[in-house]
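Below: the structure, in structure tokens.
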Amino acid sequence: MNNESYADDVVELLQRMAIPFEDVFLLCGWREQAVNCKDFFKQTLTEAGICYTFNSLAADDLMRRDQLHSEYEYMAENESSKQWNMDEGYSSGAGGNTYPRRAFGAGRRAGMFVILKVQKYDMDYLCGNSFQGFKVHLHSPVQYPRMVNQFFRIPLSQEVSVSVEPLLFDTAPNVRRYDPKRRLCYYNHERYLRYFKVYSKYNCDIECLSNYTLKTCGCVPFSLPRTSDERICGLGKASCTDTALSVLEEMDLLHELNKTDNFLEHCNCLPACNSIFYNTEISQAMFDWRKLAENIHLIAGVTNATELSYLSISFKISRFIPIKRSELFGISDFLANCGGVLGLFMGVSILSIVEIVYYCTLKPLMARKAAFSRSETAKVSNPTLILPPAEFGPAGGRARKATNKW
Numbered sequence: 001m002n003n004e005s006y007a008d009d010v011v012e013l014l015q016r017m018a019i020p021f022e023d024v025f026l027l028c029g030w031r032e033q034a035v036n037c038k039d040f041f042k043q044t045l046t047e048a049g050i051c052y053t054f055n056s057l058a059a060d061d062l063m064r065r066d067q068l069h070s071e072y073e074y075m076a077e078n079e080s081s082k083q084w085n086m087d088e089g090y091s092s093g094a095g096g097n098t099y100p101r102r103a104f105g106a107g108r109r110a111g112m113f114v115i116l117k118v119q120k121y122d123m124d125y126l127c128g129n130s131f132q133g134f135k136v137h138l139h140s141p142v143q144y145p146r147m148v149n150q151f152f153r154i155p156l157s158q159e160v161s162v163s164v165e166p167l168l169f170d171t172a173p174n175v176r177r178y179d180p181k182r183r184l185c186y187y188n189h190e191r192y193l194r195y196f197k198v199y200s201k202y203n204c205d206i207e208c209l210s211n212y213t214l215k216t217c218g219c220v221p222f223s224l225p226r227t228s229d230e231r232i233c234g235l236g237k238a239s240c241t242d243t244a245l246s247v248l249e250e251m252d253l254l255h256e257l258n259k260t261d262n263f264l265e266h267c268n269c270l271p272a273c274n275s276i277f278y279n280t281e282i283s284q285a286m287f288d289w290r291k292l293a294e295n296i297h298l299i300a301g302v303t304n305a306t307e308l309s310y311l312s313i314s315f316k317i318s319r320f321i322p323i324k325r326s327e328l329f330g331i332s333d334f335l336a337n338c339g340g341v342l343g344l345f346m347g348v349s350i351l352s353i354v355e356i357v358y359y360c361t362l363k364p365l366m367a368r369k370a371a372f373s374r375s376e377t378a379k380v381s382n383p384t385l386i387l388p389p390a391e392f393g394p395a396g397g398r399a400r401k402a403t404n405k406w
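Per full-length UniProt numbering: the sequence shown = residues 1 to 406.
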């Protein structure tokens, strides 16, 4: 490959130079069952070259192939994932063998393992800072992989055990009515991507990088999606594409800090409302596979020029708590929080006046009415003695008659 500005045949060259599948995978296992590695790992084109992906969405489910060129495939996976989506998960009728494949528990018994191999004559000490081994990138099934993002290494003759803890972001249904600018996330149907059917921030960033590189350099790196009339950047454009990536990352940071108006405003790559990420715990030890090969005949097809590595991946816990995005103050929450203040002011301005009117008018009237009622009751219930006139003496008849009158 010479120092040309365009390299439209670079992917064909990479495919010819790629290490054969049989020289990469020696043995694979899923849920303690040996499986055919070719059924589980499919080719995927990345900026690091030809890689192999496990449990990713098929190209027809993830990408808009009618918008892409037809010169080569970005992903070789073709198994349908109709019974699963990022927003709702697996459908109620999905069985145990649905795709994407799912684990039914935690620990190595419910996970996967793979024995990787490499021949010493395939090692290139001028590539990758002389590191020899493998790179592994964990990503969501709806995310197109990029090896420049988070990855971990698997050294040769090492056993690497990875415990995965999912980090699921979920969004409450009552938040859907808000504008995406307010809730700061997109549902899949709200944000159209030119090259991807499924929205995620990573897919949006990839599309943004492809558009920005085309605008800046006049071409697109081979691993990024492009149309049939857009050319692939060659070595002569390597400096331009590297600068474009650095500038875009710097613009992203400045946009978050200063809310500047720049190219990222047109990208508009907010997080997805429902997304999943993975936290990992990695441990490793020596993998003395040669001693193992002396005792059993499981490891076949290896020579003195072969190096092996062992990788196992499983979930750390069988259940996890999602992080839910919800509204901070709804209508009921707002009224509840303001109820005390509103009650205070309404109590002072209305109830106090009612109490004053009551004590000034109604209470005196009620008191007078109560006193009058007590007076009438006393007249009826208390007997009164009527004395005779003075001219009637005690001996007279009238006096005797008067004394019997009540």
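Each residue gets a CB set at the ideal place from its N, CA and C atoms; glycine is no exception.
These figures come from a predicted structure and were not determined experimentally.
Helix or strand or just coil, what does DSSP make of residue i?
i           : result
Arg-400     : The predicted model places Arg-400 with a pLDDT of 44, which falls under 50 and marks its position as unreliable; any figure quoted below should be read in that light. Looking at Arg-400 - three-state DSSP - the assignment turns out to be helix.
Gln-15      : helix
residue 412 : With the chain running from 1 to 406 in the structure shown, residue 412 is simply not present.
Asp-333     : helix
Phe-21      : helix
Arg-303     : Just to set this straight, residue 303 is Thr in the shown sequence, not Arg. DSSP places Thr-303 in coil when its eight states are reduced to three.
Asp-170     : strand
Asn-279     : strand
Pro-394     : Reliability of the predicted coordinates at Pro-394 is poor, the pLDDT of 48 falling under 50, and the value obtained from them is presented with this limitation in mind. If DSSP states are grouped into helix, strand and coil, Pro-394 belongs with coil.
Arg-183     : helix
Met-286     : strand
Phe-134     : strand
Glu-73      : coil
Trp-406     : Annotation note: pLDDT 41 at Trp-406 (below 50); position unreliable, coordinate value reported separately. Three-state result, Trp-406: coil.
Val-247     : helix
residue 407 : The chain is shown from 1 up to 406; residue 407 falls before or after that span and cannot be answered.
Tyr-6       : strand
Ala-176     : The question names Ala, yet the displayed sequence has Arg at residue 176. Coil, per DSSP.
Val-220     : strand
Cys-233     : strand
Between the alpha carbons of residue i and residue j, how many angstroms are there, rounded?
i       : j       : result
Ser-161 : Leu-292 : 18 Å
Glu-4   : Ile-232 : 11 Å
Arg-177 : Cys-185 : 12 Å
Arg-183 : Thr-171 : 10 Å
Gly-330 : Asp-66  : 43 Å
Tyr-125 : Gln-43  : 24 Å
Asn-55  : Gly-111 : 13 Å
Glu-71  : Arg-319 : 43 Å
Ala-103 : Arg-31  : 8 Å
Leu-27  : Thr-303 : 16 Å
Gly-105 : Ile-317 : 7 Å
Phe-41  : Tyr-52  : 6 Å
Ser-228 : Lys-181 : 33 Å
Phe-134 : Leu-156 : 8 Å
Cys-360 : Ala-367 : 11 Å
Asn-404 : Val-357 : With a pLDDT of 44 at Asn-404, under the threshold of 50, the modelled position of that residue is not reliable, and the figure given next carries that caveat. If you take the alpha carbons of Asn-404 and Val-357, they lie about 54 Å apart.
Val-148 : Gly-49  : 12 Å
Arg-400 : Pro-364 : Caution applies to Arg-400, whose pLDDT of 44 falls short of 50 and renders its modelled position unreliable; the value that the coordinates give is listed next. If I take the Cα positions, the gap works out to 49 Å.
Phe-334 : Lys-324 : 20 Å
Asn-78  : Ala-305 : 34 Å
Tyr-6   : Lys-237 : 7 Å
Ala-59  : Phe-151 : 22 Å
Val-114 : Phe-25  : 7 Å
One question on the structure: do residue i and residue j come within less than 8 Å of each other, judged by their Cβ atoms?
i       : j       : result
Lys-120 : Glu-307 : yes
Gln-83  : Tyr-90  : yes
Ser-275 : Ser-140 : yes
Pro-225 : Tyr-195 : yes
Leu-57  : Ser-81  : yes
Val-11  : Met-86  : no
Val-210 : Glu-47  : The identity of residue 210 in the sequence shown is Ser, whereas the question assumes Val. For Ser-210 and Glu-47, no; Cβs fall outside 8 Å.
Val-220 : Glu-207 : no
Gln-132 : Phe-287 : no
Ser-314 : Arg-108 : yes
Leu-311 : Val-136 : yes
Val-175 : Ser-326 : yes
Arg-64  : Lys-197 : yes
Asp-122 : Ile-19  : yes
Pro-271 : Leu-168 : no
Tyr-278 : Pro-166 : yes
Return the Cβ separation of residue i and residue j in integer angstroms, given the expectation that the two are a contact with Cβ distance under 8 Å.
i       : j       : result
Asp-8   : Lys-117 : Between Lys-117 and Asp-8 the Cβ distance is about 33 Å, and since that is not below 8 Å, they are no contact.
Cys-269 : Cys-204 : 4 Å
Leu-248 : Tyr-212 : 5 Å
Cys-217 : Thr-241 : 6 Å
When DSSP builds the beta bridges, which residues end up paired with residue i?
i       : result
Thr-46  : Gly-49
Cys-28  : Val-35, Val-114
Tyr-310 : Ile-115, Glu-159
Ile-154 : Phe-134
Val-164 : Thr-280, Phe-315
Gly-89  : Asn-85
Met-63  : Phe-196
Ile-206 : BP columns for Ile-206 are empty, so no partner.
Ile-323 : Phe-169
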